[in-house]
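If you're matching positions, the sequence shown starts at 27 in this note's numbering and goes up one per residue.
By construction, the Cβ of each residue, glycine as well, lies at the ideal position given by its N, Cα and C atoms.
Worksheet: one structure, shown below.
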Amino acid sequence: MERTMEQPTTPAPVQNDLRAALAKKVLTVQSELGTLYKDGINQKQGYSFVSYELVNARLREVLPRLGLVIMPAITRVQERDITGANGRMTTRTLIEGTLTLVDCDTGFSIAIPCAGAENDTAGKSLGKAFTEMVKRAEMKLFHVTTIEERDPDAEGLPLYDQSQPQTWNGQNAQGQYPQNYQQQGWQ
Numbered sequence: 027m028e029r030t031m032e033q034p035t036t037p038a039p040v041q042n043d044l045r046a047a048l049a050k051k052v053l054t055v056q057s058e059l060g061t062l063y064k065d066g067i068n069q070k071q072g073y074s075f076v077s078y079e080l081v082n083a084r085l086r087e088v089l090p091r092l093g094l095v096i097m098p099a100i101t102r103v104q105e106r107d108i109t110g111a112n113g114r115m116t117t118r119t120l121i122e123g124t125l126t127l128v129d130c131d132t133g134f135s136i137a138i139p140c141a142g143a144e145n146d147t148a149g150k151s152l153g154k155a156f157t158e159m160v161k162r163a164e165m166k167l168f169h170v171t172t173i174e175e176r177d178p179d180a181e182g183l184p185l186y187d188q189s190q191p192q193t194w195n196g197q198n199a200q201g202q203y204p205q206n207y208q209q210q211g212w213q
């Protein structure tokens, strides 16, 4: 399935105003969502995660009030059968799609490309991949962070005090470094 983006017919200055209005609403969503707790547990692989249900429950509180709607669509599907470590056949589904974010007050929208993938042995890999695609795109669009989340690239770097505003060099707004900054040897 091929889709092409239509060129906007709205004059550029008006388009910029509409884009700015949508961006302000996205910022409001980002600030109101805050940090989410990891409410799901994958016992088989031993990790916790933020569930699709939690992300969307929070978004259902915020999006309608701001006049925003998200419409996901699948544009490409790839499936293949693979043999799992246990010898069972598994279907691996990779999908590409878009999330269209619409400002219901103005009609202005943006299409956000996204992708998802999932394995399943019982014919549910497409639905799972779609759920994963939507959840990940929403989490990235609205900069959702989670409790206990650490960037793997930040291993060994000092932790910062999340209750204090941070600047680019690790100092808080008062020009102070976190308590463990010197202990870690980064100053």
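Residue i - DSSP class collapsed to helix/strand/coil
i	result
residue 43	helix
residue 133	coil
residue 170	coil
residue 22	This structure does not reach residue 22, given that the chain is present from 27 up to 213, and the question cannot be answered.
residue 217	This structure cannot speak to residue 217, because the chain is shown only from 27 to 213.
Rounded separation between residue i and residue j - CA only
i	j	result
residue 48	residue 82	19 Å
residue 156	residue 130	24 Å
residue 55	residue 162	16 Å
residue 112	residue 45	50 Å
residue 140	residue 118	17 Å
residue 59	residue 80	11 Å
residue 106	residue 92	41 Å
residue 41	residue 108	47 Å
residue 114	residue 74	25 Å
residue 62	residue 76	7 Å
One or two residues paired with residue i in a DSSP bridge
i	result
residue 146	117
residue 95	128
residue 105	119
residue 141	122
Chain B contact for residue i (CB, 8 Å cutoff)
i	result
residue 156	No chain B appears in the structure shown, which is made up of a single protein chain.
Which runs of the beta strand (DSSP E) at least 3 residues long sit entirely within the segment 37 to 93? Give them in chain order. Within the segment 37 to 93, the complete beta strand (DSSP E) segments of 3 residues or longer fall at 66 to 68, 73 to 75, listed in chain order.
Count the C-beta pairs between the segment 93 to 102 and the segment 68 to 77 that are closer than 8 Å, then say yes if the count reaches three, no if not. These segments do not touch.
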